[in-house]
Amino acid sequence: MTEEDVQHYKIIFLGDQYVGKSSILNRFYQDKFEQDYQATIGLDFHSKNVEIKGTTIRLLLYDTAGQEKFKSLIPMYIRDANIIIVVYDITNKDSFIHTEHWVNETKDLKREDAIFVLVGNKIDLEETRAVSHKEAEDFAAEKGFLFHEVSAKTGDEVQELFTSIIFPEMSRKFNIGDEEEVKNEQEGENNKNVKLGQNMDGPKKKGGCCGGGKNKPTKIENPKSEESDEHN
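So the sequence shown is numbered by this note's numbering: it starts at 3 and just counts up by one.
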């Protein structure tokens, strides 16, 4: 596959200043964390090649500034974003409340098939948490967003945010993946549904359980990544 054949998918990070958007991006992009990170001015850009189910794609990562004076620049970058990640600080209640504003910023601009992800950062500061996991999870569920909590500082759950939450949803929604692998996965899901149907139709065992929870995202192997030389 040539570079021209690689599909591009755009990810944009939104959220208040100091919630850690740049730190999450850099932890994912090059597994680094800077304690004294300078605030983003306007917009920052990186790209990274990853592999999802046997298919190499390029992620275009846009880090936006949270300051009020730069908000006028954001709409032009939202319009064709495939994934919109809204970040808040779990120790700052206002930053969570303001996620509603950031969501509204995208209301008339986003693609119809855009994937929204609500991300709580700084779980390493659990003792000063101001936003409960359940409150944020309920908000995300109400909006139909994916949800995850991370620590950019320690790296906890940052890679999992992408490999276990975002990439499986991208594979499902944008049909990314080796055709044979996707076909086998779909057949596996069909077989699972048949078995579930048979169990439901059969006699119920005393003390049995229904197991009727929501399906969890399909886990995939950690992506093989290749950082781009662009904008380093």
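Using N, Cα and C, we set each Cβ at its ideal position, and we do this for glycine too. Given the structure is predicted, the values throughout are model-derived calculations rather than measurements.
Exercise. S134: which of Y90, H48, I26 and L61 sits nearest, CA to CA?
Worked result: Y90
Exercise. Could you give the C-beta distance for I13 and L45, rounded to a whole number, given that I count them as a contact under 8 Å?
Worked result: Not really, about 13 Å apart at Cβ, beyond 8 Å.
For this session: To the nearest angstrom, report how far apart Q175 and Q37 are at their CA atoms.
Result: In the sequence on display, residue 175 carries Lys and not Gln. Approximately 36 Å between the Cα atoms of the pair.
Exercise. Enumerated in chain order, which unbroken segments of the beta strand (DSSP E) with a length of 3 residues or greater are wholly contained in the region 62-119?
Worked result: 85-91
Exercise. How is the alpha helix (DSSP H) around E171 delimited, first residue to last?
Worked result: F169 to F176
Exercise. Using CA coordinates, which residue listed in F30, D65 and T57 is at the minimum distance from F47?
Worked result: D65
Exercise. For G204, which residues from the same chain have a beta carbon less than 7 Å from its beta carbon, with the 5 sequence-adjacent residues on both sides left out?
Worked result: Residue placement at G204 cannot be trusted, given a pLDDT of 44 that sits under 50; what the coordinates show is reported in the next sentence. Result list for G204: empty, nothing under 7 Å.
Problem set entry | DSSP-derived helix/strand/coil call for K235 | The question about residue 235 has no answer, for the chain in this structure spans 3 to 234.
Exercise. Roughly how many angstroms separate the alpha carbons of Y11 and I80, rounded to a whole number?
Worked result: 12 Å
For this session: In angstroms with no decimal places, state the Cα-to-Cα distance between E102 and A138.
Result: 12 Å
For this session: Report buried or exposed for I99, applying the criterion of at least 16 other Cβ atoms within 10 angstroms of its Cβ.
Result: exposed
Exercise. Does the Cβ of T93 have 16 or more other Cβ atoms within 10 Å, making it buried, or fewer, making it exposed?
Worked result: buried
Exercise. Can you check whether the CB of L148 is closer than 8 Å to the CB of I168?
Worked result: yes
Exercise. What's the gap between the Cα of I222 and the Cα of T108?
Worked result: Confidence at I222 is low in this model, with a pLDDT of 38, below 50, so the placement of that residue should be treated as unreliable; the coordinate-derived value is given next. Their Cα atoms are separated by approximately 29 Å.
Problem set entry | Local Cβ density within 10 Å of L75, reported as buried at 16 or more and exposed below that | exposed
For this session: Give the C-beta separation of F35 and S25 to the nearest angstrom, bearing in mind that I take them to be a contact with Cβ-Cβ under 8 Å.
Result: 6 Å
Exercise. From what residue to what residue does the alpha helix (DSSP H) around D1 run?
Worked result: The structure shown does not extend to residue 1, since the chain is modelled only from 3 through 234, so no value can be given for it.
Exercise. In chain order, what residues of the same chain lie with their CB nearer than 6 Å to the CB of Q9, ignoring the 5 residues before and after it?
Worked result: I59
Exercise. Nearest to K95 by CA position, among D82, F118 and T130, is which residue?
Worked result: T130
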